[in-house]
Amino acid sequence: MFEYPACMADRATILHADLDAFYASVEQLLDPGLRNTPMAVGSGVVLAASYEAKAFGVSGGMSTRRAKELCPHLKMVGGHFSEYQRLGDAAIDIMKDFTPLVERISIDEAFLDVAGSIHLLGSPTDIAITIRRRVKDELGLPVSVGIARTKHLAKIASQVAKPDGLLLVPADRELEFLHPLPAELMWGVGPVTKARLAEMGIRTIGELAEAPGRSLERLLGAAIGTKLGALAWNSDPRAIEQHHSVSSVSAQSALGRSPVSDELIERTIRHLADRVASRLRAKSKAGHTVTARVRFADLRSVTRSVTLPAAVSVTPIIAEVAESLVRSALHDHPDVHEVSLLAVGVSGLAMESALQLELPLHLEGERIRPGTEAGSSRWVLDKAVDEVREKFGKRSIGYASVVLDESRAVPDEFRELAEH
DNA sequence: TCTGGGGTCCTAGGACCC
DNA sequence: TCTGGGGTCCTAGGACCC
Numbered sequence: 036m037f038e039y040p041a042c043m044a045d046r047a048t049i050l051h052a053d054l055d056a057f058y059a060s061v062e063q064l065l066d067p068g069l070r071n072t073p074m075a076v077g078s079g080v081v082l083a084a085s086y087e088a089k090a091f092g093v094s095g096g097m098s099t100r101r102a103k104e105l106c107p108h109l110k111m112v113g114g115h116f117s118e119y120q121r122l123g124d125a126a127i128d129i130m131k132d133f134t135p136l137v138e139r140i141s142i143d144e145a146f147l148d149v150a151g152s153i154h155l156l157g158s159p160t161d162i163a164i165t166i167r168r169r170v171k172d173e174l175g176l177p178v179s180v181g182i183a184r185t186k187h188l189a190k191i192a193s194q195v196a197k198p199d200g201l202l203l204v205p206a207d208r209e210l211e212f213l214h215p216l217p218a219e220l221m222w223g224v225g226p227v228t229k230a231r232l233a234e235m236g237i238r239t240i241g242e243l244a245e246a247p248g249r250s251l252e253r254l255l256g257a258a259i260g261t262k263l264g265a266l267a268w269n270s271d272p273r274a275i276e277q278h279h280s281v282s283s284v285s286a287q288s289a290l291g292r293s294p295v296s297d298e299l300i301e302r303t304i305r306h307l308a309d310r311v312a313s314r315l316r317a318k319s320k321a322g323h324t325v326t327a328r329v330r331f332a333d334l335r336s337v338t339r340s341v342t343l344p345a346a347v348s349v350t351p352i353i354a355e356v357a358e359s360l361v362r363s364a365l366h367d368h369p370d371v372h373e374v375s376l377l378a379v380g381v382s383g384l385a386m387e388s389a390l391q392l393e394l395p396l397h398l399e400g401e402r403i404r405p406g407t408e409a410g411s412s413r414w415v416l417d418k419a420v421d422e423v424r425e426k427f428g429k430r431s432i433g434y435a436s437v438v439l440d441e442s443r444a445v446p447d448e449f450r451e452l453a454e455h
């Protein structure tokens, strides 16, 4: 554990807590036979690797075949996804004992602002030590914590602290800590941006900080260039956000290499639309824009979207619209005969309760019984179909049966949780 | 190395309106 | 009326995150 002297902490009150190799750690917790051995969660793809496996170079996102090449004794296990949710929730609950200002950013990760807790619970370092001990004692899981004055820096600190570590960056030593680190540790720098920065001779955050803002913006775009410049000087003080609402809901299904057929498209899209629609309704939301994505066998992908005059949240409507969008996309690529993935999304979300007040006004002129569920759905469906026909041609969409296929090749819970 | 699923944000061009 | 400028919305694609 590496830590700067606590007396210099000053105003570093943001914690970033991140459970280590979360899925893999849970599996090792559930099955003692997996402890201290290189193992990973996943089937065709590594979703999460234990630290013993990471030592061999195995990492998330890697194909199982590649992982076995690197680590011949690697044990692959399927996931216990409901356990991940339960233990992730439990870890967050422990953090909430220390401050109400908890911003959860994924199943296994959260920011905390403990500024208001110091006089009762001790310094941010004391709080972080206690959180780490409680998560270990009560749940049996390792969690790393970074402490700094800003969220971005706290997150970098937790990455540097891993595995099973704690790192405080004092407010008066931020740039001293930040600038020697590689640029790709920054939030928002992935493989493409890393390569572009390397072209400019930029490899560390310090080199990025010294680069002229204008050349960064030219190279990376105005928004990203400006943002990275601010992050490199640690001058991006975002506050903890306890409630952020989702702005889109989507579902996708990988299909290997599947020959295009009406049957495949209908069955897959209806299943995806059902998943999206049910999640929308669970949140009491509906959305104006329906998007469909088709990935071809060669991994190129195209998207088609349409914005409707009314927000939708009903399975058959989303299915009909998405299906027509898929057909439109395939129509534009007549050379394509195999697809490897289909996706359906709904965005432009609004609360459903607010929307239903508006609907009857439109329904009056449509000779549909206002206010009834069936009438509203039918009206929106007709409008949606009209909209799509206008944009993509009359033959692009028809009223197919809306019987849903409930068969599900992959357990849904497998789809909803993911970690890298 | 091309293999999973669910998200966010940004960009650029075009349509449309005033 | 073809001559200016600005704002907003929509669509498609891309990078990135966990």
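For the first sequence, the working numbering gives the first residue as 36, with consecutive numbering after it. Glycine included, every Cβ here is placed at the ideal spot set by N, Cα and C. Computed from a predicted model, the values in this text were never measured in an experiment.
Per DSSP, cross-strand counterpart(s) of residue i
{"i": "Val311", "result": "Val311 is not bridged to any residue."}
{"i": "Phe146", "result": "His51, Glu138"}
{"i": "Glu373", "result": "Pro294"}
{"i": "Gly181", "result": "His51, Leu202"}
{"i": "Met386", "result": "Lys320"}
{"i": "Ala84", "result": "Ala75"}
{"i": "Lys110", "result": "Met74"}
{"i": "Gly241", "result": "The partner list for Gly241 (beta bridge, DSSP) is empty, contrary to what the question assumes."}
{"i": "Val379", "result": "Ala286, Ala327"}
{"i": "Ser280", "result": "Ser280 is not bridged to any residue."}
Member of the options whose CA lies at the smallest distance from the CA of residue i
{"i": "Ala196", "options": "Gly225, Gly223, Ile164, Val227", "result": "Ile164"}
{"i": "Lys262", "options": "Glu301, Arg121, Met221", "result": "Met221"}
{"i": "Gly95", "options": "Ile352, Leu188, Val80, Leu105", "result": "Val80"}
{"i": "Ala189", "options": "Leu105, Pro226, Ala274", "result": "Ala274"}
{"i": "Val379", "options": "Ser283, Glu242, Arg121, Lys131", "result": "Ser283"}
{"i": "Arg13", "options": "Glu219, Gln194, Lys229, Ile182", "result": "Limits of the chain in this structure are 36 at one end and 455 at the other, which puts residue 13 out of reach."}
{"i": "Ala150", "options": "Ile162, Gly114, Val227, Ser382", "result": "Ile162"}
{"i": "Leu343", "options": "Leu334, Ala286, Gly322", "result": "Gly322"}
{"i": "His51", "options": "Thr228, Arg139, Pro272", "result": "Arg139"}
Limits of the unbroken alpha helix (DSSP H) element including residue i
{"i": "Met457", "result": "The question about residue 457 has no answer here: the residues shown for the chain are numbered 36 through 455."}
{"i": "Arg231", "result": "226 to 234"}
{"i": "Val349", "result": "Unbroken run through Val349: none, as it is neither H nor E."}
{"i": "Ala246", "result": "Taken as a continuous stretch (DSSP letters only), Ala246 belongs to no alpha helix (DSSP H), as it is neither H nor E."}
{"i": "Leu266", "result": "257 to 267"}
{"i": "Arg100", "result": "99 to 105"}
{"i": "Ala56", "result": "Looking at the DSSP string, Ala56 is not in any alpha helix (DSSP H), and its letter there is neither H nor E."}
Segment limits, beta strand (DSSP E) that includes residue i
{"i": "Ala75", "result": "74 to 77"}
{"i": "Phe459", "result": "Limits of the chain in this structure are 36 at one end and 455 at the other, which puts residue 459 out of reach."}
{"i": "Arg328", "result": "320 to 331"}
Nearest-angstrom Cβ-Cβ length linking residue i and residue j, presumed shorter than 8 Å
{"i": "Pro73", "j": "Leu109", "result": "5 Å"}
{"i": "Asp148", "j": "Leu156", "result": "Rounded, the Cβ-Cβ distance is 13 Å, inconsistent with contact."}
{"i": "Ile166", "j": "Phe212", "result": "The Cβ separation is near 21 Å, so there is no contact."}
{"i": "Leu216", "j": "Thr185", "result": "The Cβ separation is near 15 Å, so there is no contact."}
{"i": "Val311", "j": "Val374", "result": "Not really, about 19 Å apart at Cβ, beyond 8 Å."}
{"i": "Ala354", "j": "Ala308", "result": "4 Å"}
{"i": "Ile300", "j": "Glu358", "result": "6 Å"}
{"i": "Ala385", "j": "Ala346", "result": "5 Å"}
{"i": "Ala206", "j": "Arg46", "result": "5 Å"}
{"i": "Leu210", "j": "Asn269", "result": "7 Å"}
{"i": "Asp271", "j": "His214", "result": "Contact doesn't hold; Cβ gap of about 15 Å is too wide."}
Sub-8 Å separation of residue i and residue j beta-carbons
{"i": "Asp143", "j": "Asp199", "result": "no"}
{"i": "Ala75", "j": "Val61", "result": "no"}
{"i": "His368", "j": "Val341", "result": "no"}
{"i": "Phe116", "j": "Ile49", "result": "no"}
{"i": "Ala59", "j": "Ser85", "result": "yes"}
{"i": "Leu69", "j": "Val112", "result": "yes"}
{"i": "Asp55", "j": "Ser152", "result": "no"}
{"i": "Ala327", "j": "Val281", "result": "no"}
{"i": "Val325", "j": "Val349", "result": "no"}
{"i": "Ala218", "j": "Leu202", "result": "no"}
{"i": "Leu243", "j": "Ala267", "result": "yes"}
{"i": "Leu377", "j": "Thr303", "result": "yes"}
Cβ-heavy atom distance, residue i to the ligand FMN, below 7 Å
{"i": "Glu276", "result": "This structure lacks the ligand FMN; in fact it carries no ligand of any kind."}
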